[in-house]
Amino acid sequence: MSPETAVWLAPAIPLAGAPLIALAGRSPNLREAVTLITAALLFLVVLQLVPEVMAGGRPAVTVLEMLPGLTLAFEVEPLGMVFAVVASFLWIVTSIYSIGYMRGHHEKDQTRFYVCFALALSSAVGVAFAGNMLTLFIFYEALTLTTYPLVTHSGTKEAVAAGRTYLGILLATSIGLQLLAIVWTWTLTGTLDFTTGGILQGRASPTVAAVLYALFLFGIGKAALMPLHRWLPAAMVAPVPVSALLHAVAVVKAGVFTVLKVSIYLFGIDFLAEVGASQWLMYVAAATILIGSLVALKQDNLKRRLAYSTVSQLSYIVLGATLANSLGAIGGGMHIAMHAFGKITLFFCAGAIDVALHKKQVSEMRGIGRAMPVTMTAFLIGSLSIIGLPPFGGLWSKWYLGLGTLEAGEYALLAVLMISSLLNVAYLLPIPIRAFFSTAEQGNETPGLKEAPLPCVLALSVTALGCLFLFFFPEPVFRVLSLMVPS
Numbered sequence: 009m010s011p012e013t014a015v016w017l018a019p020a021i022p023l024a025g026a027p028l029i030a031l032a033g034r035s036p037n038l039r040e041a042v043t044l045i046t047a048a049l050l051f052l053v054v055l056q057l058v059p060e061v062m063a064g065g066r067p068a069v070t071v072l073e074m075l076p077g078l079t080l081a082f083e084v085e086p087l088g089m090v091f092a093v094v095a096s097f098l099w100i101v102t103s104i105y106s107i108g109y110m111r112g113h114h115e116k117d118q119t120r121f122y123v124c125f126a127l128a129l130s131s132a133v134g135v136a137f138a139g140n141m142l143t144l145f146i147f148y149e150a151l152t153l154t155t156y157p158l159v160t161h162s163g164t165k166e167a168v169a170a171g172r173t174y175l176g177i178l179l180a181t182s183i184g185l186q187l188l189a190i191v192w193t194w195t196l197t198g199t200l201d202f203t204t205g206g207i208l209q210g211r212a213s214p215t216v217a218a219v220l221y222a223l224f225l226f227g228i229g230k231a232a233l234m235p236l237h238r239w240l241p242a243a244m245v246a247p248v249p250v251s252a253l254l255h256a257v258a259v260v261k262a263g264v265f266t267v268l269k270v271s272i273y274l275f276g277i278d279f280l281a282e283v284g285a286s287q288w289l290m291y292v293a294a295a296t297i298l299i300g301s302l303v304a305l306k307q308d309n310l311k312r313r314l315a316y317s318t319v320s321q322l323s324y325i326v327l328g329a330t331l332a333n334s335l336g337a338i339g340g341g342m343h344i345a346m347h348a349f350g351k352i353t354l355f356f357c358a359g360a361i362d363v364a365l366h367k368k369q370v371s372e373m374r375g376i377g378r379a380m381p382v383t384m385t386a387f388l389i390g391s392l393s394i395i396g397l398p399p400f401g402g403l404w405s406k407w408y409l410g411l412g413t414l415e416a417g418e419y420a421l422l423a424v425l426m427i428s429s430l431l432n433v434a435y436l437l438p439i440p441i442r443a444f445f446s447t448a449e450q451g452n453e454t455p456g457l458k459e460a461p462l463p464c465v466l467a468l469s470v471t472a473l474g475c476l477f478l479f480f481f482p483e484p485v486f487r488v489l490s491l492m493v494p495s
């Protein structure tokens, strides 16, 4: 298979898989088999592109020229390669998890759920492989629309209200701010192509660059930069597999991925540093990191605690972009992968606890480690990775982000990273400590083992091991991301 064939096949496979999943809906076993086969095929096709990109190639395909100079085009560059590998692999794991969760929870409309999941992954891969800002914007909006039915899946008043918040904020920011920035960029440069070193140097004054960059960062609502973050905690009413993949990997990572793409390939990190366009936005990201962590501390509902943790962790990646140096950009790119494995593990564990013990509040989790030792061990591993402690992968992304702050001379931001890690300890570690070392309250004892269904336990075990694997083998991720910034 040629690299060019693999490029257009990647978004096409889940798009073609969606109607097949729908046709298999009357037979749950067949429907789930089709889902797993589609996910595996996507991952295998994405892997075909890795050697080409690591060798310095950028496979590209132009699908359609809509207007002169405005094309629907794909080009695989290093950052998009990392995002696509992570998202496609975790789709397989989440599909396995979903089988146990959706059946164990007796969820309705399961066929619609799997269909929308496939469409969302097609959109996410389109975002990852977009060759220009117009193509990225189209798939970015498609991702919003295809995930809306997943957010409102339960059909309750709470879910419908959360869906309105989700759709309202994401569409308002992307159309009102991001689209304006895209049109302005086209007017200044005559192109929207992603180009190494950027396209705006010499075509935008420092003032224009600063305003334009702010429009992009706040217009990319999926990055959940405060105060445009409310959609993410609201979306936690969705089933756990949705929260896990779409709000720990695909949707939120599409946002911060876009922030990095815009910073590196439209502005160029040298230009951002030269004109100081990102200076004040560093501190907006830093504030989001700290405020998100402080709000997470107050949440008793486990999923909401994890949601505010995600708001905070996403701004690590925004911070990496706004530092405007290669170490910050590499650290931000690495955090896409490292955070994805850690946070999806935590969401998987939250869902497993709900399915097995019907507990949703942190205060209810005293002593559950004896009933769910595998799940709570995985939760501990995911927590330590998010905190950034060895031997887990989250250490390396925080390491390079810290080096990026030092290179930029922003010692206050290094302090923010350190304080945030301490806050991570404060809102995450009490959960497994309470589970393993506290006695259950009288009347809430759970005698014997009571793990979630096997597919759930298998999936959370795989992602927990992934956190460990990324500590010992981060070099391939670092090496491919090093190709995206000038040496």
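With the working numbering, the residue at position 420 of the sequence shown is 428, and numbering never jumps.
All C-beta atoms, glycine included, are put in the ideal place defined by N, C-alpha and C.
Residue nearest to residue i in terms of C-alpha spacing, selected from the options
i      : options                        : result
Phe265 : Glu60, Ala345, Ala379, Ser106  : Ala345
Lys458 : Leu50, Val191, Thr383, Val370  : Thr383
Phe82  : Leu142, Thr102, Phe125         : Leu142
Leu38  : Thr119, Leu52, Ala222          : Thr119
Leu327 : Leu52, Ala416, Cys475, Gly108  : Ala416
Ile100 : Ile272, His255, Pro249         : Pro249
Tyr109 : Ala386, Ala212, Ser271, Cys464 : Cys464
Phe51  : Phe477, Thr102, Ile107         : Thr102
Ser131 : Gln287, Pro36, Ala258, Ile183  : Ala258
Ile299 : Trp288, Arg313, Ser286         : Arg313
Gly284 : Leu466, Leu75, Lys306, Ala212  : Ala212
Pro214 : Arg111, Glu166, Asp278, Met62  : Asp278
Ile21  : Leu476, Leu49, Ala41           : Leu49
Thr193 : Cys475, Val216, Ala14, His161  : Val216
His114 : Pro36, Tyr408, Thr199, Val485  : Pro36
C-beta atoms of residue i and residue j nearer than 8 Å
i      : j      : result
Gly30  : Val123 : One point to set straight first is that residue 30 is Ala, not Gly, in the sequence displayed. Taking 8 Å as the Cβ cut-off, Ala30 and Val123 qualify as a contacting pair.
Gly276 : Gly205 : yes
Phe479 : Phe355 : no
Leu268 : Ala329 : yes
Ala26  : Leu127 : yes
Leu220 : Ala189 : yes
Met373 : Ala434 : no
Ala92  : Ala136 : yes
Asn140 : Ser301 : no
His343 : Tyr324 : yes
Thr296 : Leu468 : no
Ala246 : Val363 : no
Gly350 : Ile394 : yes
Leu403 : Leu414 : no
Pro11  : Gly64  : no
Gly396 : Ser446 : no
Ala379 : Leu365 : yes
Lys292 : His237 : Note on residue identity: the sequence assigns Val, not Lys, to residue 292. Not in contact: Val292 and His237 (Cβ atoms no closer than 8 Å).
Leu322 : Leu411 : no
Leu129 : Ala95  : yes
Gln186 : Phe125 : no
Leu254 : Leu178 : no
Gly227 : Trp239 : no
Gly148 : Phe202 : Position check: residue 148 holds Tyr in this sequence, whereas Gly was assumed. No. Outside cutoff.
Val71  : Leu80  : yes
Leu280 : Ala222 : no
Gly263 : Ala231 : yes
Glu60  : Met492 : no
Ala472 : Ala386 : yes
Val424 : Ala252 : no
Leu436 : Ser405 : no
Ser490 : Ile361 : no
Minimum Cβ-Cβ distance from residue i to chain B less than 8 Å
i     : result
Ala68 : No chain B appears in the structure shown, which is made up of a single protein chain.
Residues bridged to residue i (per DSSP)
i      : result
Asn37  : Per DSSP, none; premise fails for Asn37.
Asn140 : Asp201
Glu83  : Ala68
Leu78  : Leu75
Asn309 : Gln369
ask   = If you scan the region 364-436 from start to end, which runs of the alpha helix (DSSP H) of 4 or more residues do you find wholly inside it?
value = 381-395, 402-415, 419-436
request  = Decide if the region 47-58 is in contact with the region 170-182; the criterion is three or more beta carbon pairs, one per stretch, under 8 Å apart.
outcome  = no
query = Quick check: the region 193-208 against the region 148-157, are there 3 or more CB pairs under 8 Å?
reply = no
task = Take every Cβ of the region 425-433, pair it with every Cβ of the region 360-370, and state whether three or more of those distances are shorter than 8 Å.
result = no
task = State whether the region 237-252 contacts the region 173-188, with contact taken as three or more CB pairs (one from each stretch) at a distance under 8 Å.
result = yes
inquiry  = Could you tell me which whole alpha helix (DSSP H) segments of length 4 or greater appear in the region 144-192?
reply    = 165-181
message = Just to confirm the assignment: which complete beta strand (DSSP E) runs, minimum length 3, are found wholly within the region 190-275?
response = none
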